[in-house]
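Letter by letter, the sequence shown follows residues 2 to 275 of our numbering.
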Amino acid sequence: MSEPTVAQRVNHIKKAWHEGRPAYGIITKAPGQSLVRTLAGLRRYGLDFIVMDAEHGNYDDASVHDSIHAIASLGVSPIARCPGMGSEAWGIRVALDAGAHGIMIPLLSSKEQAEDVVHRAKYPPLGGRTSGGSFHTQAFHLEGHGRTLTQEEYWANANDATLIIAIIETKEGLENIDEIVQVKGLDAIFIGQYDLALSLGSLPQSDKRVIDGVQKIFDSAKKAGVPVIAWSPGDEAKAAVEQGYEGIMVGLDMSVLTKAFAGELAAAGAPKRW
Numbered sequence: 002m003s004e005p006t007v008a009q010r011v012n013h014i015k016k017a018w019h020e021g022r023p024a025y026g027i028i029t030k031a032p033g034q035s036l037v038r039t040l041a042g043l044r045r046y047g048l049d050f051i052v053m054d055a056e057h058g059n060y061d062d063a064s065v066h067d068s069i070h071a072i073a074s075l076g077v078s079p080i081a082r083c084p085g086m087g088s089e090a091w092g093i094r095v096a097l098d099a100g101a102h103g104i105m106i107p108l109l110s111s112k113e114q115a116e117d118v119v120h121r122a123k124y125p126p127l128g129g130r131t132s133g134g135s136f137h138t139q140a141f142h143l144e145g146h147g148r149t150l151t152q153e154e155y156w157a158n159a160n161d162a163t164l165i166i167a168i169i170e171t172k173e174g175l176e177n178i179d180e181i182v183q184v185k186g187l188d189a190i191f192i193g194q195y196d197l198a199l200s201l202g203s204l205p206q207s208d209k210r211v212i213d214g215v216q217k218i219f220d221s222a223k224k225a226g227v228p229v230i231a232w233s234p235g236d237e238a239k240a241a242v243e244q245g246y247e248g249i250m251v252g253l254d255m256s257v258l259t260k261a262f263a264g265e266l267a268a269a270g271a272p273k274r275w
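Here it is in structure tokens:
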């Protein structure tokens, strides 16, 4: 194995890929430094990244700032799932200036949208990101504690060290996937199969059109050399690894907490009410 680049040292998804293995992550919808520090402690058990969900969760700009540094300080990469579509509503500038190791863009459906995201997220000459951030460097640790990137090192390495992850989850995104994965600067694809099923006509996950759509997205990305991340909780995770997914999201904080405490209540004999 070759010596890791700066990006592969400071971004734990890229570090996993450099080591020749999938990166493992979870999603959190509930902000709070104590919660995300607890979740980041799962690094001991193989966790590489945490996605802060500002699209469907309760993350605002302030909680994104605070959570990013709590996560990064424990050797896990903080990824911001941006809130929405269009210009600054993407949330790209806020997330990257706060120190996110990557951004996830929902509902990305065309080559033009992908190019717009790259322009906003990457520094020149690849994009048009500006240099005004003041907090980002402290979230990129070259060593376990203390040694973070300088501003100059961040500028020199950010285009490689920060990931753009497009969420393909619409009929239009499926139809345009071959063009989308050719956009220079797009780093990975996340397949949103639940919203894809809705976009295709509120179909069940088992419908062949959904299954074929997911496979088409996977195949197009792999052919273009773009890593693919799967939502694969529970027993689905191992199958996704065997299929060749480079990223595995194993769970959502709200679902795991509810399931765990429901089990504890049942074990204690508490009556299930509905």
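From the three backbone atoms N, C-alpha and C, an ideal C-beta is built for every residue, glycine too. These numbers come from a predicted model, not from an experiment.
Item to check | Exposure label - residue 132; buried when at least 16 CB within 10 Å | outcome: exposed
Item to check | residue 251: first and last residue of the uninterrupted alpha helix (DSSP H) it sits in | outcome: Counting along the chain, residue 251 falls outside any alpha helix (DSSP H), though it belongs to the beta strand (DSSP E) covering 248–253.
Next on the checklist: Taking 8 Å as the cut-off, does the region 104–116 touch the region 177–184 (at least 3 CB pairs, one atom from each stretch)?
Outcome noted: yes
Next on the checklist: Per DSSP, what are the beta-bridge partners of residue 232 in this structure?
Outcome noted: 250
Checklist entry - For residue 87, is the classification buried or exposed, using 16 other Cβ atoms within 10 angstroms of its Cβ as the cut-off for buried? => result A caution first: residue 87 carries a pLDDT of 49, below 50, which makes its placement in the model unreliable, though a value can still be read off. Burial call: exposed.
Item to check | DSSP state of residue 88 mapped onto helix, strand, coil | outcome: Note that residue 88 scores a pLDDT of 46, beneath 50, so its modelled location is shaky and nothing firm can be said.
Next on the checklist: Between the alpha carbons of residue 215 and residue 96, how many angstroms are there, rounded?
Outcome noted: 28 Å
Item to check | Among 15, 261, 224, nearest to residue 159 - alpha-carbon criterion | outcome: 15
Checklist entry - Quick one: what's got a C-beta closer than 6 Å to residue 127's C-beta in the same chain, skipping five residues either side? => result 160, 186
Item to check | Cβ-Cβ distance between residue 103 and residue 78 below 9 Å | outcome: yes
Next on the checklist: Considering only DSSP beta bridges, list what residue 53 is partnered with.
Outcome noted: 29, 81
Checklist entry - When you compare each of 58, 57, 53 to residue 67 by their alpha carbons, which one comes out closest? => result 53
Next on the checklist: For a test of the three-state rule: what should DSSP assign to residue 149, helix, strand or coil?
Outcome noted: strand
Item to check | Where the alpha helix (DSSP H) through residue 174 begins and ends | outcome: 172–176
Item to check | Three-state class that DSSP yields for residue 102 in the structure shown | outcome: coil
Checklist entry - Tell me the DSSP bridge mates of residue 122? => result None; residue 122 has no bridge partner.
Checklist entry - Buried or exposed: residue 12, going by 16 or more other Cβ atoms within 10 Å of its Cβ? => result buried
Item to check | For residue 49 and residue 70, the rounded distance between their alpha carbons | outcome: 15 Å
Checklist entry - Unbroken alpha helix (DSSP H) runs of length 4 or more, entirely within the region 170–224: which are they? => result 172–176, 178–181, 194–200
Checklist entry - In angstroms, rounded to a whole number, what distance separates the CA positions of residue 247 and residue 83? => result 21 Å
Checklist entry - Per the contact definition of three or more C-beta pairs closer than 8 Å, is the region 57–66 in contact with the region 23–43? => result yes
Item to check | the region 3–12 in contact with the region 219–233 per 3-pair CB rule at 8 Å | outcome: no
Checklist entry - Which same chain residues, not among the five before or five after residue 17, have their C-beta less than 7 Å away from its C-beta? => result 23, 24, 49
Item to check | Assigned secondary structure, residue 167 (DSSP; H/G/I helix, E/B strand, else coil) | outcome: strand
Checklist entry - In whole angstroms, what is the alpha-carbon distance linking residue 165 and residue 240? => result 25 Å
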